[in-house]
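Using the numbering used here, the first residue of the sequence shown is number -5, and each one after it goes up by one.
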Amino acid sequence: MATTEHCVIPLHLETGPDPIELRGVFGYRSDRPYEVSLDFHGAGMILARWVFARDLLLDGQIRATGQGDIRIWPAWRGVEPRVLLAFSNGHQDGVVSARAKDVRRLCRRMTTLVPRGAEGRYYDLDAELNTLLWR
């Protein structure tokens, strides 16, 4: 049985000198241990959903990581450390930031649920690939 974690984190849409507040809901499931989802909430609905590699978030809190559609890196904004997440769909780009301590808390919860390096005990990637390749 899968265990699910949801973590609501206040985000800033980094559009200029005065960031716009957003609500981000990060989701993590033990039966999908390689991925994390992020729903952007506003106006009473989900505005966008991104699903990306958990390792990007784990590594991005301490160093720049990712290329292409999603990049994550630590930075200082104002008086506190933040983690920036840049998203690109090929037509539009956006950058949001979260307090570093919120991202650390989320990462601790994910790695407590599924320790780094133990993902294979929760998801059989070889079996999944076999199914896809030999249907």
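Ideal Cβ positions, reconstructed from N, Cα and C, are used throughout, including at glycine. Computed from a predicted model, the values in this text were never measured in an experiment.
- Quick one: residues in its chain with C-beta nearer than 6 Å to the C-beta of His6, no 5 flanking neighbours on either side, listed in chain order? Position 12 of the sequence shown, counting from 1, holds the residue named residue 6. Excluding residues within five positions, the ones whose Cβ falls inside 6 Å are Pro13, Ser91.
- Message: Quick check on DSSP: helix, strand or coil for Val2?
- Response: Position 8 of the sequence shown, counted from the start, is the residue given in the question as residue 2. Strand, per DSSP.
- Item | Where Ala92 falls: helix, strand or coil (DSSP) | Stepping through the sequence shown from its first residue, residue 92 is reached at position 98. The answer is strand: DSSP assigns Ala92 an E or B state.
- Query: When you compare only the Cα positions, how much space is there between Glu130 and Cys101?
  - Reply: Residue 130 lies beyond the stretch modelled for the chain, which goes from -5 to 129, so this question has no answer here.
- Mark Ile40 as exposed unless 16 or more other C-beta atoms lie within 10 angstroms of its C-beta, in which case mark it buried. Walking along the sequence shown from the start, residue 40 turns up at place 46. Ile40 is exposed by the Cβ-count criterion.
- Ile56 burial status per 10 Å Cβ neighbour count (16 or more: buried): The residue you call residue 56 lines up with position 62 of the sequence shown. Ile56 should be labelled exposed.
- In angstroms, rounded to a whole number, what distance separates the CA positions of Glu29 and Gly72? Position 35 of the sequence shown, counted from the start, is the residue given in the question as residue 29. Position 78 of the sequence shown, counted from the start, is the residue given in the question as residue 72. Looking at the two C-alpha atoms, the distance is approximately 30 Å.
- Task: Check the C-beta distance from Arg48 over to Pro27 and give it rounded, since I have them as a contact under 8 Å.
- Result: Here the question's residue 48 lines up with position 54 in the sequence shown. Here the question's residue 27 lines up with position 33 in the sequence shown. Between Pro27 and Arg48 the Cβ distance is about 7 Å, and since that is below 8 Å, they are a contact.
- Sequence-distant residues of the same chain with beta carbon closer than 6 Å to Val2, five excluded per side: Start at 1 with the first residue of the sequence shown, and residue 2 comes out as number 8. Closer than 6 Å at Cβ, skipping near neighbours: Val19.
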